Amino acid sequence: MSARWHILRTEGSLTLCRQLPPRFDVTAHTELPLADSAKVAHQIRQDMWRAVQKVRGFSPVVTVTQQGDTLHVVAGGRVNGAVPDTLSAKILSVLENPEKRARWVRHAQRRTRTQ
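In my numbering, the protein residues as written are 47 to 161.
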(Lines of atoms letter the chains of each structure in order from A and count residues from 1; the text may use other names and numbers.)
(Lines give C-alpha, C1' and ligand atoms only; values in the text may rest on other atoms or scores of the structure.)
Protein backbone atom coordinates (compact mmCIF):
# COMPACT_ATOMS: atom_id res chain seq x y z
CA MET A 1 0.00 0.00 0.00
CA SER A 2 1.24 3.47 -0.87
CA ALA A 3 2.09 5.97 1.87
CA ARG A 4 0.65 8.74 -0.30
CA TRP A 5 -2.38 10.72 0.82
CA HIS A 6 -4.79 11.98 -1.79
CA ILE A 7 -6.16 15.51 -1.49
CA LEU A 8 -9.27 16.07 -3.56
CA ARG A 9 -10.45 19.67 -3.92
CA THR A 10 -13.74 21.00 -5.14
CA GLU A 11 -15.09 24.52 -4.75
CA GLY A 12 -15.16 25.17 -0.99
CA SER A 13 -14.37 21.56 -0.03
CA LEU A 14 -11.34 19.34 0.54
CA THR A 15 -11.21 15.56 1.07
CA LEU A 16 -8.14 13.80 2.46
CA CYS A 17 -7.98 10.03 1.93
CA ARG A 18 -5.53 7.19 1.51
CA GLN A 19 -7.54 5.18 -1.02
CA LEU A 20 -9.52 6.31 -4.05
CA PRO A 21 -12.36 6.75 -4.31
CA PRO A 22 -12.95 8.05 -0.78
CA ARG A 23 -15.60 6.06 1.05
CA PHE A 24 -17.35 6.66 4.36
CA ASP A 25 -18.50 3.43 6.02
CA VAL A 26 -18.50 5.30 9.33
CA THR A 27 -18.79 9.05 10.02
CA ALA A 28 -18.86 11.69 12.70
CA HIS A 29 -19.47 15.41 12.17
CA THR A 30 -18.38 18.65 13.78
CA GLU A 31 -17.91 22.34 13.06
CA LEU A 32 -14.81 24.45 13.60
CA PRO A 33 -13.92 28.12 13.14
CA LEU A 34 -12.50 29.12 9.77
CA ALA A 35 -8.91 27.95 9.27
CA ASP A 36 -6.73 26.27 6.61
CA SER A 37 -8.78 23.25 5.48
CA ALA A 38 -5.79 21.09 4.51
CA LYS A 39 -4.05 21.65 7.84
CA VAL A 40 -7.24 20.89 9.76
CA ALA A 41 -7.84 17.72 7.73
CA HIS A 42 -4.32 16.41 8.34
CA GLN A 43 -4.48 17.13 12.07
CA ILE A 44 -7.86 15.43 12.43
CA ARG A 45 -6.70 12.46 10.38
CA GLN A 46 -3.67 11.99 12.64
CA ASP A 47 -5.63 12.17 15.89
CA MET A 48 -8.44 9.99 14.55
CA TRP A 49 -5.92 7.37 13.42
CA ARG A 50 -4.25 7.33 16.84
CA ALA A 51 -7.62 6.71 18.49
CA VAL A 52 -8.87 3.92 16.21
CA GLN A 53 -5.75 2.38 14.64
CA LYS A 54 -6.52 -1.01 16.18
CA VAL A 55 -9.68 -1.32 14.07
CA ARG A 56 -8.75 -3.88 11.47
CA GLY A 57 -9.09 -2.62 7.89
CA PHE A 58 -9.75 1.03 8.82
CA SER A 59 -8.63 3.73 6.37
CA PRO A 60 -9.26 7.37 7.43
CA VAL A 61 -11.13 9.90 5.31
CA VAL A 62 -11.70 13.54 6.29
CA THR A 63 -13.79 16.06 4.36
CA VAL A 64 -13.68 19.75 5.29
CA THR A 65 -16.18 22.14 3.72
CA GLN A 66 -16.06 25.90 4.21
CA GLN A 67 -19.40 27.61 4.69
CA GLY A 68 -19.02 31.27 5.56
CA ASP A 69 -16.81 31.57 8.62
CA THR A 70 -17.26 27.90 9.61
CA LEU A 71 -15.61 24.64 8.63
CA HIS A 72 -17.93 21.64 8.48
CA VAL A 73 -15.97 18.45 9.11
CA VAL A 74 -16.94 14.90 8.26
CA ALA A 75 -14.42 12.42 9.66
CA GLY A 76 -14.45 8.67 9.45
CA GLY A 77 -13.51 6.39 6.64
CA ARG A 78 -13.70 3.01 5.07
CA VAL A 79 -13.59 -0.26 6.96
CA ASN A 80 -12.77 -3.48 5.17
CA GLY A 81 -14.95 -5.82 7.17
CA ALA A 82 -17.49 -5.32 9.91
CA VAL A 83 -17.80 -1.80 11.33
CA PRO A 84 -17.53 -1.94 15.14
CA ASP A 85 -20.61 -0.53 16.91
CA THR A 86 -18.45 1.89 18.93
CA LEU A 87 -16.36 3.27 16.05
CA SER A 88 -18.51 6.31 15.27
CA ALA A 89 -18.58 7.27 18.97
CA LYS A 90 -14.77 6.96 19.21
CA ILE A 91 -14.32 9.23 16.20
CA LEU A 92 -16.84 11.72 17.59
CA SER A 93 -14.97 11.79 20.92
CA VAL A 94 -11.83 12.82 19.01
CA LEU A 95 -13.73 15.54 17.14
CA GLU A 96 -15.31 16.92 20.32
CA ASN A 97 -12.13 16.89 22.46
CA PRO A 98 -11.60 20.56 23.47
CA GLU A 99 -7.79 20.35 23.65
CA LYS A 100 -7.50 18.72 20.23
CA ARG A 101 -9.95 21.19 18.66
CA ALA A 102 -7.98 24.15 20.03
CA ARG A 103 -4.70 22.65 18.75
CA TRP A 104 -6.14 21.99 15.26
CA VAL A 105 -7.43 25.53 14.88
CA ARG A 106 -4.28 27.09 16.37
CA HIS A 107 -2.08 25.08 13.98
CA ALA A 108 -4.30 25.76 10.95
CA GLN A 109 -4.54 29.50 11.58
CA ARG A 110 -0.79 29.92 11.96
CA ARG A 111 0.71 31.83 9.07
CA THR A 112 3.61 30.39 7.10
CA ARG A 113 6.60 32.72 7.07
CA THR A 114 7.89 33.75 3.68
CA GLN A 115 11.21 35.52 3.39
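From the three backbone atoms N, C-alpha and C, an ideal C-beta is built for every residue, glycine too.
Remember, predicted model here, so these are calculated numbers, not experimental data.
Can you tell me which of the three DSSP states residue i falls into?
i           : result
residue 86  : helix
residue 66  : coil
residue 151 : helix
residue 97  : helix
residue 145 : helix
residue 135 : helix
residue 129 : coil
residue 91  : helix
Whose C-beta lies closer than 7 angstroms to the C-beta of residue i among residues of the same chain, with five residues either side of it excluded?
i           : result
residue 81  : 117, 151, 154, 155
residue 103 : 125, 126, 127
residue 84  : 53, 60
residue 93  : 140, 146
Leaving out five residues before and five after residue i in sequence, what residues of the same chain have Cβ atoms less than 6 angstroms from its Cβ?
i           : result
residue 95  : 106
residue 54  : 61
residue 183 : Residue 183 is absent from the model: the chain starts at 47 and stops at 161.
Give me the Cβ distance between residue i and residue j, rounded to the nearest whole Å; I'm assuming they're in contact under 8 angstroms.
i           : j           : result
residue 87  : residue 122 : Incorrect: roughly 13 angstroms between the Cβ atoms, too far for contact.
residue 119 : residue 110 : 5 angstroms
residue 141 : residue 98  : The pair is not a contact, with the Cβ atoms about 12 angstroms apart (cut-off 8 angstroms).
residue 90  : residue 108 : 5 angstroms
residue 115 : residue 144 : So it is not a contact: roughly 20 angstroms between Cβ atoms.
Along the chain, where does the beta strand (DSSP E) containing residue i start, and where does it finish?
i           : result
residue 79  : 72-79
residue 156 : First-last for residue 156: undefined, no H or E at that position.
residue 50  : Premise fails: residue 50 is in no beta strand (DSSP E) and is neither H nor E.
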